[in-house]
Ligand code: SFD
Ligand code: AMP
């Protein structure tokens, strides 16, 4: 067997991941742990300074409620999220983050994040909830805060968390391996905070060939949160709610600044504004078609209708928007200055968070003030923190509930999943969309505080079955052994009867998802029969995973990332299959159930893999409205 030393780490709270939620958790946990003499350990598969979704930086903070300035109320935010997700949201979770998120943003500013200011010293808003930042170093900055709080001696980088460890029906820790050294890690913990992001490259991406690997959400988000919680036996929710963002085509530059800050239109190839020409379609989608802003999936859908009719390409009218703003200035000198300013803001928007979009502009001689740029719907992503909703089913807070919701949504510790001791935040927790970077950090703080409270209430040391650990070690390192043993069986190491390389497994998964589960290649359309066939093929892929081969540490990471992604894929298919309606056209369309069905399906779809039987358990969970709607006044 591959010669890996076993390293045992005993801790109280194990934070898995080093992204926005995990750094928030580290800052908060350090504070409470010091008071109670508890140990907190953070493990990231990469280097925290540039790991996860915010690696490249961001140009906006997308959740800021502005409670103190009376700009908005918590109910306003809850309504916004409820409408955007076509009625499917946990209002207790959304509100809990919304009431704390402003304080997080103020901390970011204190730590040195430059937030744009207007002439009066107020924040410059991109839209109602979004603030503009100079955010190239956003991640470095929050990582620094986490490191200062926790101390480097409690942070382990470049270790890939692979599997949960259980003590009967509660969590006992996790195992993983170093991606640099021959070390296998066994973490024993009283509570584990899962914050390992969402999942990318489950579906075939639009970028193939020379562009392969590019995506909007980062490829390093590879389904670890979903896998970990599923394998621990946690109930999951909204696993059918994928996110398909509209992005600048081919390099995935975000559109928010263009739509909201620059107030740009998007038009089809004939110059028509599809939001206007296709507006009648909105009436088909219950009351959600009439809300403002139009839900993200419906905005996608109105655009896709034109694409399917052959009315593409679709353009972001950057030249028109810039002209309109600069021409509002009467003085030619002021106008020229404004034009320069807008031009540099446009480039910075991409340079702050999607550098390759700026490169693509340069490479295609695109000056945004002169010509429009193509936009397109991306491949589907799993991201509980943006406009998707997939993740673990977690307890809400005690105090934001009504009688009915308290029964279904509260089991003692905010952010705790249905398996005792497992806490989730950011992309890892479901049904609380629109947290983004600031809300994920905030949820990490909430989860960490609750996890430490749980540890104080449950002091017993976790019992770990050492025989089980030995088995896991053998299984996790097996791809290295398989490769070493058999690599000379053929002349090309990629084509070998004894093993499958992770990249080949990736192509197979992506082809299955694209063709059977509604990817780009099928215009996001699927049906019961297609899904059933997809499930059969996923089953075979999972069998073949026993034969994954890996040449080195890095490829071992790739191998396990594929296993993780595939579990996300399977729970997605099972959840779309279970929900017999089309609720989010523009995210996916069930051709055999083409309408929304408020009477039967205004519910959460939950999925659980039973670790004892290996069976999947699907269920409906009620949606409780805790906050009112504007017309009824505030509750
Ligand atoms: O414009 C393991 N996001 C935006 N949020 C904003 O607030 N403003 C924006 O401008 C945003 N935009 C945006 C965004 C993301 C991206 C990629 C782009 C643009 C191009 C969204 C936020 O970034 C997102 O909501 C949060 O980052 C989510 O936080 P979290 O913690 O759930 O995920 P993470 O930050 O990616 O961190 C994941 C961590 O887990 C590690 N990890 N560690 C150990 N073992 C394993 N097996 C692991 N697997 C993963 C990762 O290394 C990482 O540290 S805009 O488009 O809307
Ligand atoms: P994006 O760059 O698309 O991720 O958008 C950033 C933020 O702006 C997110 O909160 C989006 O939900 C929001 N947003 C983007 N486009 C629009 C739009 N056309 N109308 C309303 N909100 C939008």
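Residue numbers (our numbering): 474 to 1108. Every residue gets a Cβ at the ideal spot worked out from N, C-alpha and C, and that includes glycine.
Straight through space, the alpha carbons of residue 850 and residue 994 are spaced by roughly 12 Å. For the options 771, 741, 743 and 737, the alpha carbon positioned closest to that of residue 753 is the one of 771.
By the Cβ rule, the region 892 to 900 counts as touching the region 698 to 711, because three or more pairs are nearer than 8 Å. At least one heavy atom of the ligand SFD sits closer than 6 Å to the Cβ of residue 826. If you check the C-beta of residue 1068 against the ligand SFD, you find no heavy atom less than 6 Å away. Per DSSP, the unbroken alpha helix (DSSP H) holding residue 1038 starts and ends at 1026 to 1051. For the region 540 to 598, the continuous alpha helix (DSSP H) assignments of 4+ residues that do not extend past its boundaries occur at 547 to 557, 564 to 571 and 574 to 583, in sequence order. For the options 638, 509, 957 and 707, the alpha carbon positioned closest to that of residue 1090 is the one of 707. Here the region 644 to 651 makes contact with the region 936 to 949; the two share three or more CB pairs at distances below 8 Å.
Residues 935, 936 and 937 of the same chain have their beta carbon placed closer than 7 Å to that of residue 640, with the five preceding and five following residues left out of the count. The Cβ-Cβ distance between residue 548 and residue 911 does not fall below 7 Å. Nearest Cα to residue 561 within the set 783, 1076, 1101 and 1103: 1076.
Taking C-beta atoms under 8 Å as the contact rule, residue 865 and residue 836 fail to qualify, at a distance of about 41 Å.
Annotation: the continuous beta strand (DSSP E) that includes residue 789 extends over 787 to 789. The three-state secondary structure of residue 795, taken from DSSP, is helix. Excluding five sequence positions before and after residue 1079, the CB atoms of its chain that fall closer than 6 Å to its own CB belong to 708, 710, 866, 1092 and 1094, given in chain order. Around the beta carbon of residue 853, a 10 Å sphere encloses 16 or more other beta carbons of the protein chains shown; the residue is thus reported as buried. Counted as a single uninterrupted DSSP element, the alpha helix (DSSP H) harbouring residue 812 occupies residues 805 to 824. Of the candidates 486, 1062 and 568, 568 places its Cα closest to the Cα of residue 1098. Contiguous beta strand (DSSP E) elements confined to the region 657 to 744 occur at 664 to 667 and 719 to 721, taking only those with 3 or more residues.
In the displayed model, residue 1012 falls within a helix according to three-state DSSP. According to the DSSP assignment, residue 632 belongs to no alpha helix (DSSP H) but to the beta strand (DSSP E) extending over 632 to 640. Here the region 660 to 676 makes no contact with the region 606 to 616; the two share fewer than three CB pairs at distances below 8 Å.
Annotated three-state conformation of residue 958 is helix, per DSSP. In this structure, the straight-line span from the alpha carbon of residue 598 to that of residue 579 is close to 15 Å. Under the three-state reduction of DSSP, residue 874 is assigned to coil, being neither helix nor strand.
In this structure, residue 500 and residue 974 do not form a Cβ contact; the two beta carbons are roughly 39 Å apart against a cut-off of 8 Å.
Under the three-pair Cβ rule at 8 Å, the region 776 to 788 does not count as touching the region 817 to 837. Using a cutoff of 6 Å, the CB of residue 741 does not count as near the ligand AMP, since none of the ligand's heavy atoms is closer than that. Taking the CA atoms as reference points, residue 734 sits about 29 Å from residue 1100. According to the DSSP assignment, residue 928 belongs to the alpha helix (DSSP H) that extends over 909 to 930. Inclusion of residue 795 and residue 842 in the CB contact set at 7 Å is warranted, their separation being smaller than that value.
By the Cβ neighbour-count rule, residue 664 is buried, with 16 or more other Cβ atoms within 10 Å of its own. The Cβ neighbour count for residue 1028, taken over all protein chains shown within 10 Å, is at least 16; the residue is labelled buried. Here the distance from the Cβ of residue 841 to the nearest heavy atom of the ligand AMP is not below 6 Å.
Per the DSSP secondary-structure output, residue 854 pairs in a beta bridge with 716.
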